[in-house]
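Residue numbers (this note's numbering): 7 to 408. Glycine included, each C-beta is placed from N, C-alpha and C at the ideal position.
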Ligand SMILES: C[S@@+](CC[C@H](N)C(=O)[O-])C[C@H]1O[C@@H](n2cnc3c(N)ncnc32)[C@H](O)[C@@H]1O
Ligand SMILES: [Zn+2]
């Protein structure tokens, strides 16, 4: 039990179970390694299964981190995330999700944590008559955003709802920001600035598909869909369109102006979420133990999926570079990138020759990789999934479906 005493933002409970105490290294945005001194501690609400960070090595420096450091870690000015399972760059998937919505020809948009302005650019191309505003505390991203979307208005600051007129926006967007900031404050604030009938679009890593969140040093809040329903419902927001594909899921909410959107997470769902969180922790520990065994046997191991999950596995197991047969990814954007002393490459026959292939992806990403590549079945290690042979017979016994 951790001495964390803050009330859970979702349900108000103050009892937390410590699920991870990581004294090694974890990752933060841009796949940067963070030495965990003090330890990174993640706790789970005993009532609703909401997971948050009780202590992070970045705690004292967070404001400065977003204002100056965070954006400098994001490789090139055009760097965007990748959503493998949806087969698209992450940003494109989010843009498609919002742009398919039948908005009126005029309106007012506020994008909270806008980053480099990719969304503003795409939104204005489709809706040229809207008034578009974006905000972000990062000086550098705001400069880039203003250049990318000159017709939008950008503010370089943290979000505070009182900085904006109440009841005045037709659309508020919070895309991949809620893992970092207080969801209660940001969702309440969004409801405050939205008109009745206005929309809130949230794109977010959902824990069951993005288990790497548990080892992220700068992601502090980890969700299941039910947590969002509860947080939003309390502020008059009703979920109208979920899009749950890939590791970042997308949800559209609508401010109803009525008081009937409250959502209590049913007891059986709370129990299921807590089981799933425990299952994910076990799946990580199992994967680390298996990779340590491979390391100690001294053979050459291939790693597939050059992302955050891979950084976590390599760091947690202190994997020696000389024992890496290759680091592979099917996304051409990543080829040639340096990771753990190796260059990321396209899939090749080396995958079949290595003593083992460690698949570094969330459950649906890993499933997709298994479907599209013929990997050496008996030698694949993957995150919390059943062996390939069991999958092909339709069994999916795993930590994630536990
Ligand atoms: C993962 S990026 C997402 C950028 C963009 N929305 C996108 O989807 O590409 C997270 C952004 O949240 C911003 N952020 C961090 N703390 C914030 C705060 N308190 N208020 C507003 N934005 C914040 C960061 O500076 C960063 O640009
Ligand atoms: Zn809770």
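For residue i, the first and last residue of its enclosing beta strand (DSSP E)
i	result
residue 132	Careful: residue 132 lies outside any beta strand (DSSP E), inside the alpha helix (DSSP H) at 124 to 132.
residue 45	Run containing residue 45: none; DSSP gives neither H nor E here.
residue 244	243 to 249
residue 59	57 to 61
residue 348	348 to 351
residue 364	362 to 365
residue 34	31 to 34
residue 260	254 to 261
residue 161	159 to 161
Identified DSSP bridge partners for residue i
i	result
residue 116	139, 178
residue 25	Answer is none; residue 25 lacks a bridge partner.
residue 16	According to DSSP, residue 16 bridges with nothing at all.
residue 333	309, 350
residue 388	365
residue 39	33
residue 344	349
Residue i, enclosing alpha helix (DSSP H) - first and last residue
i	result
residue 302	273 to 303
residue 409	The structure shown does not extend to residue 409, since the chain is modelled only from 7 to 408, so the question has no answer here.
residue 152	145 to 154
residue 320	314 to 322
residue 356	356 to 359
Cutoff 8 Å: residue i Cβ touching any chain D Cβ
i	result
residue 169	Chain labels in this structure do not include chain D; a single protein chain is all it has.
Would the stretch 168 to 185 count as touching the stretch 196 to 212 if we require 3 or more Cβ pairs under 8 Å? yes
Is it the case that the stretch 36 to 55 contacts the stretch 312 to 328, given that we only count it when at least three CB pairs across the two stretches are under 8 Å? Using a C-beta cut-off of 8 Å, the stretch 312 to 328 makes contact with the stretch 36 to 55, since at least three inter-stretch Cβ pairs fall below that distance.
Touch check for the stretch 233 to 253 and the stretch 288 to 302: three-plus C-beta pairs under 8 Å? no
What residues come near ligand 2, if near means a beta carbon less than 5 Å from any of its heavy atoms? 14, 16, 17, 19, 51, 53, 54, 56
Hey, which unbroken runs of the alpha helix (DSSP H) at 4 residues or more fall wholly within the stretch 196 to 241? 231 to 239
Meets three-Cβ-pair contact criterion under 8 Å: the stretch 258 to 271 and the stretch 213 to 225: no
The stretch 136 to 151 in contact with the stretch 160 to 178 per 3-pair CB rule at 8 Å: With a cut-off of 8 Å, the stretch 160 to 178 and the stretch 136 to 151 count as touching, because enough Cβ pairs lie within range.
Any contact between the stretch 166 to 176 and the stretch 95 to 114? By contact I mean 3 or more CB pairs, one from each, below 8 Å. yes
Are there three or more Cβ pairs, one per stretch, closer than 8 Å when the stretch 359 to 371 is compared with the stretch 299 to 311? Touching, yes.
Below 8 Å, how does it come out for the stretch 116 to 125 and the stretch 140 to 156: are there three or more Cβ pairs, yes or no? Because the criterion of three Cβ pairs below 8 Å is met, the stretch 116 to 125 and the stretch 140 to 156 touch.
Are there three or more Cβ pairs, one per stretch, closer than 8 Å when the stretch 344 to 351 is compared with the stretch 364 to 377? no
Is the stretch 266 to 283 in contact with the stretch 196 to 208, if contact means three or more CB pairs nearer than 8 Å? At 8 Å Cβ cutoff, the stretches do not touch.
Is the number of C-beta pairs between the stretch 222 to 236 and the stretch 49 to 68 that are closer than 8 Å three or more? Under the 8 Å Cβ criterion, the stretch 222 to 236 counts as touching the stretch 49 to 68, having at least three qualifying pairs.
Under 8 Å, with one C-beta from each stretch per pair, do the stretch 324 to 343 and the stretch 184 to 198 reach the 3-pair mark? no
With contact counted as at least three CB pairs below 8 Å, one residue from each stretch, are the stretch 187 to 201 and the stretch 125 to 136 in contact? No, the stretch 187 to 201 does not touch the stretch 125 to 136.
So, does the stretch 12 to 30 touch the stretch 42 to 51, judging by three or more C-beta pairs under 8 Å? By the criterion of at least three beta-carbon pairs nearer than 8 Å, the stretch 12 to 30 is in contact with the stretch 42 to 51.
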